[in-house]
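Following: one structure in structure tokens, then a few remarks.
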Amino acid sequence: MIAVVDYQVGNTGNVIRAFDRLGEDARLLSSPEELNGEFSLAVLPGVGAYGPASERLSTSGWGSRLTEWAKSGGALLGICLGMQLLCEKGLENGSFSGLGLIPGDVTLLGASKIPHMGWNSVEWTGTPEGFIPGISSGTYFYFVHSYALFDSPFAAGRTVLEGQSFVSMVIRGNVAGFQFHPERSGQEGLALLESTAAFIRGGQV
């Protein structure tokens, strides 16, 4: 089963429907205590500002549970703000702690128009050995964000906006993240969601 984390930040419905289309049994979990060995993957969605989301993870107990889960070998996938929360810090209207599973800080995009909203391409860069995305480098996915991770040793994909390159996908063992929304990116998004989920289930931070 797949656990979709409900920490009152983000659209969990679209994520659950995407996994349903892949034939996966996805459950919405509202309590950290519900995440146990019955689940093969935890998904952290998220839409909105880093600070309130970071605080919500902390006060709800989800932050410590997800960190423990990932460090003990549980597969964890972050989507959009969820990917940003995997990082060390978010510098949106202050400095806020992330889960620290992916090195690096999340900072403001330097584009003339933000948020970056719409379709953009993702180029594979340094995908880990054995990972087969199932779709071509340069495929377009749907983005909605104003902040991004710019450097990471675990970058698996990058995207260029107005000449500025940022990390749009990370994979570190059993932890992965998408800056874009695979659940809103058609068949290509579903294919990448499926291949990534399968790969990180066998990884280790």
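Mind the numbering: the sequence shown is residues 341 to 545 in my numbering, read in order. All residues carry an ideal CB built from backbone N, CA and C; glycine is no exception.
Spatial neighbours of residue i in its chain, beta-carbon cut-off 8 Å, leaving aside the 5 residues before and after
i      : result
Asp445 : Cys427, Glu428, Lys429, Gly430, Leu431 and Leu489
Asp491 : Gly444 and Val507
Tyr487 : Tyr390, Gln424, Gly430, Leu431, Glu432, Val446, Thr447, Leu448 and Leu449
Ser452 : Glu502
Burial state of residue i, where buried means 16 or more other Cβ atoms lie within 10 Å
i      : result
Pro522 : buried
Asn433 : exposed
Pro493 : exposed
Ile511 : buried
Gly403 : buried
Gly418 : buried
Ile454 : exposed
Spatial neighbours of residue i in its chain, beta-carbon cut-off 6 Å, leaving aside the 5 residues before and after
i      : result
Ser477 : Glu463 and Trp464
Thr483 : Note that residue 483 is Phe in the sequence shown here, rather than Thr. Excluding sequence neighbours, Phe483 sits near His456, Asn460 and Phe520.
Ala415 : Leu381, Asn514, Ile540 and Arg541
Beta-carbon proximity check, residue i vs residue j, cutoff 7 Å
i      : j      : result
Met509 : Gly497 : yes
Val387 : Leu368 : no
Leu425 : Leu448 : no
Leu362 : Gly422 : no
Gly474 : Ala516 : no
Val355 : Arg396 : no
Ala495 : Gly458 : no
Ser394 : Phe359 : no
Tyr347 : Ser400 : yes
Contacts around residue i, its chain only, beta-carbon distance under 7 Å, and the 5 residues preceding and following it disregarded
i      : result
Arg405 : Pro372 and Leu375
Thr479 : Ser461, Val462 and Glu528
His485 : Cys420, Pro455, His456 and Gln519
Cβ-Cβ separation, residue j to residue i (assumed contact under 8 Å), whole Å
i      : j      : result
Ser535 : Ile472 : 6 Å
Unbroken alpha helix (DSSP H) runs of length 4 or more, entirely within the region 480–532: which are they?
-> Taking only runs of at least 4 residues, no alpha helix (DSSP H) segment lies wholly in the region 480–532.
Counting only runs that start and end within the region 455–484, where is the beta strand (DSSP E) found for 3 or more residues in a row?
-> 456–464
Which residue spans inside the region 359–410 form an unbroken alpha helix (DSSP H) run of at least 4?
-> You should have 390–400.
Jot down the residue ranges of each uninterrupted beta strand (DSSP E) in the region 415–459, minimum 3 residues, whole runs only, in chain order.
-> 415–419, 427–430 and 442–448
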